[in-house]
Structures are given as structure tokens and as C-alpha cells.
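Engineer:
There are 2 protein chains.
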Amino acid sequence: MVVEVSVEAGPRRRLEPDARREQILSVAVRLFGERGYAEVSTTDVARGAGVARGLVNHYFGTKKDLYLDVIRVMLTVPGVAITSLPQGDLPTRADAIVGWYLDVVSRHSRSWLAAITAGGMAGDSDVDRVIAKAIDDAADAVLRAVGHESPGPALHAMARSYVGLAVSTASEWLRRGVLTRAQVHRLLAATLLTMVEQVFPDA
Amino acid sequence: MVVEVSVEAGPRRRLEPDARREQILSVAVRLFGERGYAEVSTTDVARGAGVARGLVNHYFGTKKDLYLDVIRVMLTVPGVAITSLPQGDLPTRADAIVGWYLDVVSRHSRSWLAAITAGGMAGDSDVDRVIAKAIDDAADAVLRAVGHESPGPALHAMARSYVGLAVSTASEWLRRGVLTRAQVHRLLAATLLTMVEQVFPDA
DNA sequence: TCGGCTTGTTGGCGGGGTGTCAACAACTGG
DNA sequence: CCAGTTGTTGACACCCCGCCAACAAGCCGA
């Protein structure tokens with residue numbers, strides 16, 4: 004499908020490097036978010052920004068480098084307000100972290116979901132590294148929420164597994180509409196509790 | 004990296020369509036399993052099969068169509084021996100299905116993992132559809148193993164979530180080496196039990 | 001005001017991947 | 001042995017990517 008974008012083809016404008024880079028990046032975030040990695044050409048990005056294709060390479064190097072920056076932008080949307088941790092018992096804190104996660108995912112960043120399910124290319128080592136770091140951060144947040152401040156490697160691994168459950172469940176909830184938020188909440192809270200109480204002691 | 008493949012460039016051989024198609028498909032399965040989708044060109048597949056590139060398109064249409072067939076092959080590797088379901092109580096059956104799953108994943112098919120994590124392209128609607136069906140089948144197997152013969156849509160959705168946990172945990176276990184098989188087994192068995200006992204009744 | 005300089009920006013070149021199709025040739029039946 | 005069937009090939013046209021020399025927009029000193 005050819006999308007006509009109304010671009011004023013007026014005379015060449017010079018922008019500050021930061022501004023131009025930001026502009027191109029925002030276009031790339033939108034396009035890569037809508038379609039996949041393979042479905043978007045650097046020509047599309049350039050056209051969307053009203054700019055020559057060579058300029059995209061000038062600012063971002065290769066197409067994959069541009070995509071890495073796009074993923075970083077999508078993945079750093081949340082991670083801001085994990086500061087508000089209620090100080091109750093374990094079930095209370097588990098409930099709180101699950102509710103917070105569902106809020107974040109459902110409200111202003113299904114782009115985070117789109118990115119973390121590798122919306123375009125997985126198997127690539129660089130992309131995997133960026134995504135792996137995002138999962139690691141999420142696992143850290145979960146561990147801190149349930150009281151483990153300095154966890155060992157095994158605990159980290161188990162927490163990453165749980166994050167995988169959270170991602171797949173949120174994806175299931177948002178993409179298809181069959182589960183209610185309450186059901187999703189109970190699912191994630193209950194499994195988190197049994198993991199903390201029965202599985203984490205193994206580590 | 005250029006890989007030299009010893010291909011006898013002998014005189015042109017005619018094969019039966021089924022045989023040729025099978026041969027090309029097997030080469031494609033191997034290559035797409037080793038490297039990703041983008042890293043393998045149809046020229047590579049053709050060269051690996053000792054065949055002209057046009058023939059690949061003749062049998063499989065587009066490159067993505069070929070990849071879809073490859074994914075179907077990788078994902079249908081298991082699904083054969085789910086017949087041996089022990090008839091004990093719930094913990095016994097949960098243990099059995101988890102052990103069977105870990106056997107399948109670890110033994111002859113990390114290619115299954117490579118495929119279900121969409122080793123090259125996710126976000127594509129056709130690829131997603133094939134993967135979604137594989138997850139659905141796995142969810143069916145889990146539900147049958149724990150005694151739910153005719154589950155409703157909500158139960159199906161919850162089972163898909165659990166399969167997501169199984170996939171992410173297996174990936175964690177195989178790719179990094181930090182968890183032991185025993186730990187992975189206990190993790191999946193315990194969470195499956197609490198899901199059956201505490202979460203499934205919500206549906 | 002005007003030339004020169006810095007540097008953001010462009011357009012085109014070479015290489016590679018993909019889909020298509022007419023021509024070719026390996027087998028088969030008469 | 002020959003014609004017909006059909007598996008197979010090679011090349012053409014198109015698109016995308018990384019690269020780079022040339023171009024010009026904006027700034028500054030004379």
C-alpha cells in the first residue's frame with residue numbers, strides 16, 4: 004500500500020543536527036511501530052521526514068543501527084515511577100507490582116509490548132542484547148518489589164522467566180480480548196506468589 | 004562468512020516434484036535454523052540444494068512462503084507422543100507433562116525454540132498466525148494433560164499464557180546456562196499447579 | 001554588502017537480493 | 001528414433017542498501 008504523506012517540498016532547510024536527528028528518529032519510531040522491520044525501507048523513513056535517504060545513513064549509520072535506536076526509545080518509555088512501592092506484606096506488594104505493570108502496559112505503552120516481542124527481527128545478536136537488557140531491568144523491578152534486594156544469578160534467571168509470563172499474558176490480554184483485566188491480574192499475582200514462596204528458595 | 008559447500012555440479016538431474024520440493028525444504032530448514040531469516044538468501048538455499056535460484060521460487064513462491072513452510076516443519080517436530088499420559092493424580096500428571104516438554108525441547112529441537120521465538124521475523128501477520136496456531140496446540144496439550152477436555156475460551160487463553168511461561172523459561176534455560184533442569188522443572192510444575200488450582204476456576 | 005568558510009544536505013554509483021518468465025533440455029510414450 | 005511433456009535454467013527488471021563527492025544554506029569577518 005502506498006501512503007501519500009503531505010510533505011512540503013519547499014526549499015532546502017538546514018536544521019541543527021540534534022533537531023534533524025530527533026525528527027528522523029520520531030518518524031522511524033512511528034513507521035517501525037506500525038509495520039515491521041522488513042516492511043519499512045530507509046527510503047520510507049527519509050520520505051516521511053521529507054529528507055534525502057542518504058541523510059538517514061549519515062545520522063544513524065546502517066539501517067539496523069537506526070532500528071536499535073528505535074527499540075531503545077520504545078523500551079525506555081516505562082521504568083520511571085517504580086518508586087512508589089507500598090510497604091505491606093508479600094501478597095500486598097505482589098498485587099501492587101502486578102497492578103502497576105498492567106497500568107503501564109495497557110495505558111501509554113503497548114509500544115513496549117510491540118518492541119519486546121521483537122517487532123521485526125529476533126535472532127540478531129545486537130537486537131537481542133537490547134531486548135535482553137530490558138527484560139533484565141523488568142526482572143530487577145520484580146525482585147525489588149518482592150523484597151529481594153541483592154539476588155543471585157539463579158534468582159535473576161527465575162525472575163526473567165516470570166517476566167516472560169507477564170509479557171505473554173499481557174500480549175494475550177491486549178491483542179485478543181478474551182481475558183478480563185481482573186483475570187489477568189489474578190493470574191499474574193497468584194503465579195508470582197507461588198514463585199516467590201515455592202520456587203525462589205531453590206536458588 | 005562464506006561457507007563452501009561441496010556440491011557436485013554434475014549434469015542436470017530431473018527429480019520428481021515431491022522429491023525436489025522435499026530436498027529444497029530440508030536445506031531451507033537447516034539454514035534458517037542456523038542463521039536467521041534475513042541472514043539467509045534464496046541464493047544460499049538454492050546453492051545448498053545444488054539448484055538454480057529460480058527453482059526455489061517455482062516450488063515455494065515467495066521467500067516468505069518458503070519460510071512459512073520451514074516454520075511449520077520446525078513446529079510440528081513434536082506433537083507425536085503426547086499419547087503417553089500417565090493416569091495419576093494432578094501433581095503426577097503435571098510432573099509428567101513438564102518432563103515430557105523439557106525432553107522435547109532439549110533433545111532434538113532447539114529448532115523449535117528458534118522457530119517459536121520467530122528467529123528472524125515477528126510482527127508479520129502470516130508468521131504470527133502460524134506461531135499462534137503452534138501455541139494453541141501446545142495449550143491444548145497442557146489442558147488435556149491436566150484433565151480439562153473441553154475448555155472454554157478463557158481457559159484456552161490462560162493455557163496460552165502458561166505456554167508463554169514455558170517458552171520463556173525453556174529459552175532462559177537453554178540459551179544461558181544458569182538454571183539447572185531440576186530448577187526449571189520445579190518452576191514449571193509449581194506454577195502449573197497453582198494455575199490449575201487457583202487461576203483456572205476463574206474461567 | 002559581499003566573498004569565503006563551515007557543514008548540513010543531496011543525488012547518484014556499485015553491489016546485492018528478489019520475483020518473473022521465456023527458453024532449454026532431461027525423460028517418456030509411441 | 002522422434003515428438004511431447006515438464007522439470008530446470010539463466011537472465012532481465014526492479015528495489016533496497018551503504019557510500020561519497022559535489023552542492024548550497026547559513027554564518028562571519030572584511
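Sequence order for the protein chains is G and B. So for the first sequence, this note's numbering puts the first residue at 4; every next one is plus one. So for the second sequence, this note's numbering puts the first residue at 4; every next one is plus one. Backbone N, C-alpha and C define an ideal beta-carbon position, used for all residues, glycine too. Please read these numbers as outputs of a predicted model, since none were measured by experiment.
#1: List the whole-angstrom C-beta distance separating D77/G from A118/G, where the pair is believed to meet the contact cut-off of C-beta under 8 Å.
#2: Under the three-state reduction of DSSP, which class applies to V6/G: helix, strand or coil?
#3: Quick one: which residues of the region 184 to 199 of chain B get their C-beta closer than 7 Å to a C-beta of chain G? List them in chain order.
#4: Inspect the CB distances between the region 165 to 182 of chain G and the region 145 to 165 of chain B and report whether three or more fall short of 8 Å.
#5: Taking beta-carbon pairs under 8 Å, can you tell me which members of the region 127 to 158 of chain G lie near chain B?
#6: On the three-state DSSP scale, how would you describe S112/G?
#7: State the DSSP-derived secondary structure class of Q201/B, mapped to helix, strand or coil.
#8: Would you decide whether E25/B is buried or exposed? Buried here means 16 or more other CB atoms lie within 10 Å of its CB.
#9: Please name the residue, chosen from Y165/B, Q186/B, V170/B and T172/B, that lies closest to L191/G on a Cα-to-Cα basis.
#10: Around the Cβ of M4/B, are there at least 16 other Cβ atoms within 10 angstroms (buried) or fewer (exposed)?
#11: Is the Cβ of Q90/G closer than 8 Å to any Cβ of chain B?
#12: Taking a contact to mean a Cβ-Cβ separation below 8 Å, would you say L71/B touches V133/B in this structure?
#13: Chain B partners of G167/G, CB-CB under 8 Å?
#14: Starting from the beta carbon of V181/B, find every residue of chain G whose beta carbon is closer than 7 Å, and list them in chain order.
#15: How about G167/G and L168/B: are their beta carbons less than 8 Å apart?
#16: Show which residues of chain B have a CB atom less than 8 Å away from the CB atom of S114/G.
#17: Assuming V130/B and A121/B form a contact by the criterion Cβ under 8 Å, report the distance between their Cβ atoms to the nearest whole angstrom.
#18: Taking only beta-carbon positions, decide if D205/B is within less than 8 Å of chain G.
#19: Quick check on V6/B - is its C-beta less than 8 Å from some C-beta in chain G?
#20: If we call anything under 8 Å between Cβ atoms a contact, is S109/G one with L177/G?
#21: Quick one: grab the DSSP three-state call for R75/B.
#22: At 9 Å on the CB atoms, spell out the chain B contacts of G53/G, in chain order.
#23: Within the same chain, show all residues whose beta-carbon is closer than 7 Å to that of F63/G, passing over the 5 residues directly before and after it, in chain order.
#24: Let's see if you can read the secondary structure: which residues bound the alpha helix (DSSP H) around Y62/G?
#25: Apart from the five residues just before and just after V202/B, which ones in its own chain have a Cβ nearer than 7 Å to its Cβ?
#26: What's the gap between the Cα of E152/G and the Cα of D143/G?
Structural biologist: With the structure as the only source:
#1: A small correction: the amino acid at residue 77/G is Met; Asp does not occupy that position in the sequence shown. Their Cβ separation, rounded to whole angstroms, is 4 Å, which keeps M77/G and A118/G in contact under 8 Å.
#2: With a pLDDT of 40 at V6/G, under the threshold of 50, the modelled position of this residue cannot be trusted; read the value that follows with caution. In this structure, V6/G counts as coil in the three-state DSSP scheme.
#3: Q186, R189, L190, A193, T194, T197 and M198
#4: yes
#5: D127, P156 and A157
#6: coil
#7: helix
#8: exposed
#9: Answer by Cα proximity: Y165/B.
#10: In this prediction, M4/B scores a pLDDT of 46, lower than 50, which makes its location untrustworthy; the coordinate-derived value is nonetheless stated afterwards. Per the 10 Å Cβ criterion, exposed.
#11: no
#12: yes
#13: The answer, in chain order, is G167, L168, V170, S171, T172, S174 and E175.
#14: P156, A157 and A160
#15: yes
#16: Residues of chain B passing the Cβ test: none, with the nearest at roughly 12 Å.
#17: 6 Å
#18: yes
#19: Since pLDDT at V6/B reaches only 41, below the 50 mark, its modelled position is unreliable, and no value is offered.
#20: yes
#21: helix
#22: In chain order: nothing, as chain B lies at least about 26 Å away.
#23: L69 and D72
#24: Its alpha helix (DSSP H) spans residues R56 to F63.
#25: M161
#26: About 9 Å.
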